[in-house]
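Protein chains in written order, with our numbering: chain H, 7 to 226; chain A, 4 to 235.
C-beta atoms are modelled at their ideal positions from N, C-alpha and C, and glycine is treated no differently.
Quick caveat, the model's predicted, so the values are computed rather than measured.
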Amino acid sequence: MGMGVAVRNRIAKRAAKEIHDGLIVNLGIGIPTLVADHVPPDIHVLFHAENGVLGTGPSPNQGEEDPALCNAGGLPITTVMGASYFDSAAAFGMIRRGYIDITILGALEVSETGDLANWIVPGKRVPGMGGAMELAQKAKKVIVLMNHVNKKGESKIVKTCSLPLTAKQSVDMIITEMAVMEVTKEGLILKEVMAPYTVEDVMAHTEATLKIGATVHSIE
Amino acid sequence: MRQVISKKNKVVTLEEAIEYITDGCTLMYGGFGGVGTPPTLIQGILDKGVKDLTLIGNDTGFPDIGIGRLVTLERARKVIASHIGSNPNAGRLMTEGRLEVEFSPQGTLAERVRAGGVGLGGIFVDVGIGTIAEEGKNNIIIDGKAYLAETALTAEVSIVYAKKADPLGNLVYDKTARNFNPLVAMAGAITIAEVEEIVPVGALDPECIATPGIYVDMVIPTKGVNWKWAWE
């Protein structure tokens with residue numbers, strides 16, 4: 007992602023505020039994985055991993071890894087009390103049926119209507135969609151964590167996605183190193199800016215039509 | 004037709020099992036990023052020199068992990084998977100036109116394999132509508148809602164990895180090493196299970212058996228994982 011640990015954690019910390027007691031949450035690879043570390047211990051959440059576990063816990067201590075117990079990113083995990091294992095059909099049955107309250111994923115582009123592109127750059131990088139189509143299309147709330155601009159400095163928040171879509175009109179919230187934005191019926195709304203960035207900075211780096219919210223909080 | 008060596012004792016040697024995996028065959032495999040992919044069978048396929056495989060499974064592992072070892076050494080001509088990103092060789096071979104890749108969303112892929120394994124022709128699913136994932140698929144309206152018709156998948160040979168088996172082929176899995184394995188086990192015309200431990204008939208709690216032995220034709224003991232995990 008080309009951003010420092012502090013910035014990644016800042017984005018993850020802000021995303022963690024969206025996670026409330028009792029929710030079922032699926033975290034994608036990259037910055038989303040960090041979100042779990044920022045959820046307060048008194049909030050009871052079940053993390054779902056699409057490789058077949060509900061109730062993932064913190065990373066194990068070095069030397070205590072179990073090769074048969076990993077998350078969808080292939081990293082060793084632990085489980086919490088009340089966890090369960092299941093096969094991939096059941097893992098995605100839960101997703102398609104709408105049991106995932108929040109999914110937090112990375113993205114290549116997000117449009118102002120919430121279209122998500124995050125699985126293919128034709129001719130360049132073709133990793134495949136994995137479980138992203140199901141998660142983006144079926145989770146009750148979709149939060150994207152990403153850089154505000156790409157390596158060329160171009161806005162990743164666009165009027166219309168130029169890359170093939172993962173899911174149409176699926177994203178609810180975008181959190182970048184610069185801002186927090188929500189996709190609403192009234193359009194894309196700027197809700198918060200991350201200091202030291204200003205509203206003007208965010209507007210200048212956003213290609214999409216971005217409406218300034220009634221109150222825009224600044225996150226220190 | 005299922006070919007069964009013996010219905011009462013399905014335990015065979017690696018060599019006996021590998022006989023059934025031949026050039027050009029369709030091979031379905033369990034595993035997720037190599038977790039739950041049978042290492043000894045993969046090694047046996049490599050050693051035998053089997054080529055031109057059509058592989059069906061969740062992902063292409065890592066370059067030196069799981070099914071990725073077969074992909075890296077160009078033993079496959081086609082892969083049907085949801086993700087190839089963790090094995091850059093797969094992407095490179097695809098770009099060079101040396102490996103055909105068919106992508107299926109992960110949950111859809113799981114259900115296509117399950118459908119094949121339970122005798123269905125396919126499934127109706129709305130995932131991927133409005134994306135390039137719907138290209139070439141029939142649309143169908145059921146009760147006013149749009150779905151894609153996705154075809155079932157079966158294989159000439161399925162290879163799976165389990166924690167325990169008995170001689171009847173009943174299988175118990177281990178945590179997230181289960182993943183696609185129970186689905187893949189059902190979808191092979193011949194299914195070979197590689198397991199950590201073979202126990203006597205009656206030693207497995209019937210409540211815990213995730214794959215009934217009816218789906219399993221051969222059982223081999225594993226020699227253990229012969230690759231290093233990415234996190235090690």
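Leu-111/H versus Ile-149/H: straight-line alpha-carbon distance, rounded: In the first sequence, the residue the question calls residue 111/H occupies position 105. In the first sequence, the residue the question calls residue 149/H occupies position 143. Whole-angstrom Cα-Cα distance: 6 Å.
Assigned secondary structure, Ser-9/A (DSSP; H/G/I helix, E/B strand, else coil): Here the question's residue 9/A lines up with position 6 in the second sequence. It is coil, neither helix nor strand.
Proximal residues, the stretch 31-60 of chain H versus chain A, C-beta separation under 7 Å: Glu-56, Asn-57, Gly-58, Val-59
Element boundaries [alpha helix (DSSP H), containing Arg-14/H]: Working through the first sequence from its first residue, we reach residue 14/H at position 8. Here the alpha helix (DSSP H) through Arg-14/H covers 11-22.
Per-residue DSSP class, three states only, for Lys-158/H: Locating residue 158/H in the first sequence gives position 152, counting from the first residue. Reduced to three states, the DSSP call for Lys-158/H is coil.
Beta-carbon proximity check, Leu-75/H vs Thr-179/A, cutoff 8 Å: Position 69 of the first sequence, counted from the first residue, corresponds to residue 75/H. Position 176 of the second sequence, counted from the first residue, corresponds to residue 179/A. Yes, these two residues count as a Cβ contact at 8 Å.
Runs of beta strand (DSSP E) wholly within the stretch 121-149 of chain A (minimum 3 residues, chain order): 125-128, 142-145
Listed by chain order, chain H residues near Glu-114/A by CB distance under 8 Å: On the second sequence, position 111 is the one that residue 114/A refers to. Result: Ala-95, Phe-98.
Residue burial classification, His-26/H (beta-carbon count within 10 angstroms, cutoff 16): Translated into positions along the first sequence, residue 26/H becomes position 20. Exposed is the call here.
At least 3 beta-carbon pairs within less than 8 Å: the stretch 55-69 of chain A vs the stretch 202-212 of chain A: no
Within chain A, partners of Lys-147/H - CB distance below 7 Å: What you label residue 147/H is simply residue 141 of the first sequence in a count that begins at 1. Within chain A, no residue comes near Lys-147/H; the closest Cβ sits about 18 Å away, beyond 7 Å.
The stretch 51-66 of chain H contacting the stretch 84-97 of chain H, beta-carbon criterion three pairs below 8 Å: yes
Against chain H: residues of the stretch 103-131 of chain A by CB proximity under 7 Å: Phe-106, Pro-108, Gln-109, Gly-110, Ala-113, Glu-114, Arg-117, Val-130, Gly-131
Beta-carbon neighbours of Asn-182/A, restricted to chain H and to distances below 7 Å: In the second sequence, counting from the first residue as 1, residue 182/A sits at position 179. Ordered by position in chain H, the residues that pass the 7 Å Cβ test against Asn-182/A are Asn-57, Gly-58, Asp-93, Ser-94.
Ser-85/A and Gly-80/H closer than 8 Å at C-beta: As a first step, residue 85/A is located in the second sequence; it is residue number 82 there, counting from the start. As a first step, residue 80/H is located in the first sequence; it is residue number 74 there, counting from the start. Cβ distance not < 8 Å, so Ser-85/A and Gly-80/H don't count as in contact.
CB contact below 8 Å: Asp-177/A versus chain H: Looking up residue 177/A in the second sequence gives position 174. Asp-177/A counts as touching chain H.
Within 8 Å, strictly: CB atoms of Thr-40/A and Gly-34/A: Position 37 of the second sequence, counting from 1, holds the residue named residue 40/A. Position 31 of the second sequence, counting from 1, holds the residue named residue 34/A. Yes.
Residue-level contact to chain H via CB, Pro-170/A, 8 Å cutoff: Residue mapping note: residue 170/A aligns to position 167 of the second sequence, counting from 1. For Pro-170/A, no CB of chain H lies under 8 Å from its own CB, so it is not counted at the interface with that chain.
Residues near Thr-194/A in its chain [Cβ-Cβ closer than 6 Å; skip 5 each side]: Translated into the one-based positions of the second sequence, residue 194/A becomes position 191. Once the five neighbours on either side are set aside, the close Cβ partners of Thr-194/A are Ser-161, Ala-188, Tyr-218, Val-219, Asp-220.
Chain A contacts from the stretch 201-215 of chain H (Cβ-Cβ distance under 7 Å): Shown here is that no member of the stretch 201-215 of chain H has a Cβ falling below 7 Å from a Cβ of chain A.
Cα-Cα separation between Leu-194/H and Gly-63/H, rounded to whole angstroms: Residue mapping note: residue 194/H aligns to position 188 of the first sequence, counting from 1. Residue mapping note: residue 63/H aligns to position 57 of the first sequence, counting from 1. Going from the Cα of Leu-194/H to the Cα of Gly-63/H covers about 34 Å.
Contact with chain A by Gly-88/H, beta-carbon distance below 8 Å: As a first step, residue 88/H is located in the first sequence; it is residue number 82 there, counting from the start. Cβ-Cβ to chain A under 8 Å: no for Gly-88/H.
Where the alpha helix (DSSP H) containing Val-208/H begins and where it ends: One-based indexing of the first sequence puts residue 208/H at position 202. Its alpha helix (DSSP H) spans residues 205-210.
Beta strand (DSSP E) runs wholly inside the stretch 64-102 of chain A, at least 3 long, in chain order: Counting whole runs of 3 or more residues, the stretch 64-102 of chain A contains the beta strand (DSSP E) stretches 79-84.
Per-residue DSSP class, three states only, for Glu-18/A: For this step, residue 18/A is matched to residue 15 along the second sequence. Helix.
Whole-Å CB distance - Pro-185/A paired with Thr-214/A, under 8 Å assumed: For the purposes of this step, residue 185/A is identified with residue 182 of the second sequence, where counting begins at 1. For the purposes of this step, residue 214/A is identified with residue 211 of the second sequence, where counting begins at 1. The pair is a contact, with the Cβ atoms about 5 Å apart (cut-off 8 Å).
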